[in-house]
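J.:
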């Protein structure tokens with residue numbers, strides 16, 4: 042570990058000797074649009090240096106319109122390597138309507154080049170997480186959407202709990218928001 046500007050240090054650390062990496066991008070989002078842009082630029086730089094890197098970008102859901110606009114533009118801002126086309130997984134949990142400007146409505150993560158079967162596994166733990174965070178499930182929801190490449194990103198609908206149109210072509214459909222660990226057993 043080192044204490045430095047993570048964006049500036051990317052050029053120093055990548056590509057690494059192992060040619061495998063997990064990079065977490067977690068900006069402060071004090072200037073949401075500026076931080077969205079910086080995260081996208083960093084992701085593009087990472088993919089130029091190491092196309093197979095797994096990149097996790099955490100983001101707040103303060104206003105769903107801004108978030109959706111950034112998510113829709115993200116794939117087109119990234120380099121397209123024919124040998125390693127990036128895959129995208131978007132996952133969100135929110136406890137207030139996504140389009141209010143009251144404060145933090147929820148949070149999400151975009152994973153570029155996600156690990157195998159993570160979307161399917163999220164189908165099991167996202168409902169439990171949502172149930173713990175939001176005791177009144179009618180207000181919020183959760184989602185996990187996956188796409189194979191930037192060329193397949195489309196404004197299609199995804200069946201899920203109270204959510205705007207999905208930014209991707211294939212979605213893991215949300216199940217009931219009941220806690221799977223209730224009564225001491227897992228599903």
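In this note's numbering, the protein residues as written are 42 to 228. Ideal placement from N, C-alpha and C gives every residue a C-beta, glycine not left out. Bear in mind the structure is a predicted one, so any value in this text is a computation, not a measurement.
(1) Enumerate in chain order the residues of its own chain whose CB-to-CB distance from residue 67 is below 6 Å, with the five nearest sequence positions on each side excluded.
(2) Residue 149 lies in the beta strand (DSSP E); which residues open and close that run?
(3) Can you tell me whether residue 167 is helix, strand or coil according to DSSP?
(4) Classify residue 79 as helix, strand or coil using the three-state DSSP reduction.
(5) On the DSSP letters alone, give me the boundaries of the alpha helix (DSSP H) that residue 54 sits inside.
(6) One question on the structure: do residue 112 and residue 131 come within less than 8 Å of each other, judged by their Cβ atoms?
(7) Judging by CA-CA distance, which residue of 149, 187 and 159 is the nearest neighbour of residue 171?
(8) Strictly by DSSP, which residues pair up with residue 134?
(9) Using the rule of at least 16 other Cβ atoms within 10 Å of the residue's Cβ for burial, across every protein chain shown, is residue 184 buried or exposed?
(10) Under the three-state reduction of DSSP, which class applies to residue 85: helix, strand or coil?
(11) To the nearest angstrom, report how far apart residue 80 and residue 102 are at their CA atoms.
(12) So residue 51 and residue 87 are in contact, right, with Cβ under 8 Å, and what is the actual spacing, rounded?
(13) For the beta strand (DSSP E) that contains residue 63, what are its first and last residues?
(14) To the nearest angstrom, how far is the alpha carbon of residue 55 from that of residue 44?
(15) Identify the continuous alpha helix (DSSP H) that holds residue 111 and give its terminal residues.
(16) Assuming residue 156 and residue 146 form a contact by the criterion Cβ under 8 Å, report the distance between their Cβ atoms to the nearest whole angstrom.
(17) Can you name the start and end residues of the beta strand (DSSP E) that residue 95 belongs to?
T.: Checking against the coordinates, here is how it stands:
(1) Within the chain shown, numbered from 1, the residue matching residue 67 stands at position 26. Excluding sequence neighbours, residue 67 sits near 99.
(2) Within the chain shown, residue 149 is the residue found at index 108, counting from 1. Unbroken beta strand (DSSP E) run through residue 149: 147–153.
(3) Taking the chain shown and counting its residues from 1, the one referred to as residue 167 is at position 126. Here residue 167 sits in helix by DSSP.
(4) Numbered from its first residue, the chain shown carries residue 79 at position 38. Looking at residue 79 - three-state DSSP - the assignment turns out to be helix.
(5) Taking the first residue of the chain shown as 1, we reach residue 54 at position 13. Counted as a single uninterrupted DSSP element, the alpha helix (DSSP H) harbouring residue 54 occupies residues 47–54.
(6) Residue mapping note: residue 112 aligns to position 71 of the chain shown, counting from 1. Residue mapping note: residue 131 aligns to position 90 of the chain shown, counting from 1. The criterion of a C-beta distance shorter than 8 Å is satisfied by residue 112 and residue 131.
(7) Here residue 171 refers to the residue found at position 130 of the chain shown. Measuring from the Cα of residue 171, the nearest candidate turns out to be 149.
(8) The residue you call residue 134 lines up with position 93 of the chain shown. Beta-bridge analysis with DSSP links residue 134 to 148 and 183.
(9) Counting from 1 along the chain shown, the entry for residue 184 is found at position 143. Buried.
(10) Locating residue 85 in the chain shown gives position 44, where the first residue counts as 1. It is helical.
(11) Locating residue 80 in the chain shown gives position 39, counting from the first residue. Locating residue 102 in the chain shown gives position 61, counting from the first residue. Here the C-alpha atom of residue 80 lies approximately 15 Å from the C-alpha atom of residue 102.
(12) Within the chain shown, residue 51 is the residue found at index 10, counting from 1. Within the chain shown, residue 87 is the residue found at index 46, counting from 1. That belief holds up - the Cβ atoms of residue 51 and residue 87 are roughly 6 Å apart, short of 8 Å.
(13) In the chain shown, the residue the question calls residue 63 occupies position 22. In this chain, the beta strand (DSSP E) harbouring residue 63 covers 63–66.
(14) Locating residue 55 in the chain shown gives position 14, where the first residue counts as 1. Locating residue 44 in the chain shown gives position 3, where the first residue counts as 1. So the two alpha carbons sit approximately 17 Å from each other.
(15) Residue mapping note: residue 111 aligns to position 70 of the chain shown, counting from 1. Element bounds for residue 111: 105–114.
(16) Here residue 156 refers to the residue found at position 115 of the chain shown. Here residue 146 refers to the residue found at position 105 of the chain shown. Between residue 146 and residue 156 the Cβ distance is about 27 Å, and since that is not below 8 Å, they are no contact.
(17) For the purposes of this step, residue 95 is taken as residue 54 along the chain shown, with counting starting at 1. Element bounds for residue 95: 95–102.
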